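Heads up: the structure comes next, in structure tokens.
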Amino acid sequence: MDGQTSERAVVLASGGLDSTVTAAIARRDGYALYLLTIAYQQRHAVEVERSRQVATALEAHQHVVINVDLGTIGGSALTANLSVPKLRTESERNRDVPVTYVPGRNLIFLSLAAAHAEVLGASIIYFGANVIDYSGYPDCRPEFIQAVEAALQTGTKAGMQGKGIEIRAPLLRMSKAEIIRLGLTLNVPFQLTHSCYDPVGSMACGQCDSCQIRKQGFSEAGVVDPIQYAVC
57 MDGQTSERAV VLASGGLDST VTAAIARRDG YALYLLTIAY QQRHAVEVER SRQVATALEA
117 HQHVVINVDL GTIGGSALTA NLSVPKLRTE SERNRDVPVT YVPGRNLIFL SLAAAHAEVL
177 GASIIYFGAN VIDYSGYPDC RPEFIQAVEA ALQTGTKAGM QGKGIEIRAP LLRMSKAEII
237 RLGLTLNVPF QLTHSCYDPV GSMACGQCDS CQIRKQGFSE AGVVDPIQYA VC
């Protein structure tokens with residue numbers, strides 16, 4: 057590990073491409089990796105198992121999985137019996153907030169990550185948000201991240217003690233191709249990652265928004281995507 061120190065970082069790890077590259081960045085930055093995965097009753101629960109594999113591959117110091125039943129709330133194609141959009145164009149994806157948006161998800165995730173960080177004595181949360189690929193998601197925007205960071209400064213023991221908890225989103229303004237190219241330099245195990253919203257068994261569907269963005273990213277990066285798709 058490059059420049060490994062004893063300083064800890066909590067990394068929100070979904071088992072997806074972006075969060076795995078983010079974890080690799082945290083490792084490159086010299087932090088001991090404390091990965092946190094939230095199993096929220098999502099239809100693509102295969103990503104939880106992939107997060108375990110990623111944690112092993114990246115030699116995380118610790119990997120914790122927390123169960124949060126957002127399926128009871130519903131309101132999203134990822135947690136309720138709603139159809140996942142398929143074969144949409146880029147303009148269609150960016151038109152409005154998509155049905156795959158999970159109400160309150162990233163706010164809940166960052167709150168849990170902050171609680172975990174406080175217990176660990178960590179001052180950094182690495183968060184794989186991206187405003188370019190997911191411009192329709194209100195909880196992937198920089199102003200959201202800044203607002204949560206400010207709330208943590210006010211509403212945590214660490215904040216009261218003047219330490220604070222920083223939310224670091226290194227991929228925020230990078231294209232998928234740029235993220236993939238960076239991941240290659242960091243030896244990210246892309247073959248372990250899962251991005252699909254509507255998997256067919258353990259395979260990615262190849263047609264949902266996330267699959268299309270991933271496939272386009274690998275194509276633009278000039279790299280072969282190592283995962284299998286049900287529909288290429």
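Residues in the sequence shown are numbered consecutively from 57, following this note's numbering.
C-beta: ideal position from N, C-alpha, C; glycine also.
Predicted model, so just to flag it, every value in this text is computed and none were measured.
Query	Result
Per-residue burial, K213 [other beta carbons within 10 Å of its own, 16 or more giving buried]	exposed
The region 137-145 in contact with the region 244-263 per 3-pair CB rule at 8 Å	yes
Any chain D beta carbon closer than 8 Å to A95	This model lacks chain D altogether, as it is built from one protein chain only.
Pairwise C-alpha distance: L227 and V153	20 Å
Start-to-end residues for the beta strand (DSSP E) that takes in R64	64-68
Every unbroken alpha helix (DSSP H) inside the region 99-172 [4 residues or more]	102-113, 146-149
Assigned secondary structure, C252 (DSSP; H/G/I helix, E/B strand, else coil)	coil
Spatial neighbours of V124 in its chain, beta-carbon cut-off 6 Å, leaving aside the 5 residues before and after	I94, Y96
Segment contact flag, the region 110-119 with the region 220-240, C-beta cutoff 8 Å, min 3 pairs	no
Contact under 8 Å by Cβ, A225 with I201	yes
Sequence ranges, alpha helix (DSSP H) only - wholly within the region 184-250, length at least 4	198-211, 213-216, 232-241
Inter-residue spacing [alpha-carbon to alpha-carbon] between I283 and R270	11 Å
Other residues of its chain near Y87: CB distance less than 6 Å, five sequence neighbours each side excluded	E63, A65
Under the three-state DSSP convention, the category I283 falls into	coil
Nearest residue (CA-CA) to G160, options G127, D195, I188, I180	D195
Assigned secondary structure, C264 (DSSP; H/G/I helix, E/B strand, else coil)	strand
G218 versus Q209 - alpha carbon distance	8 Å
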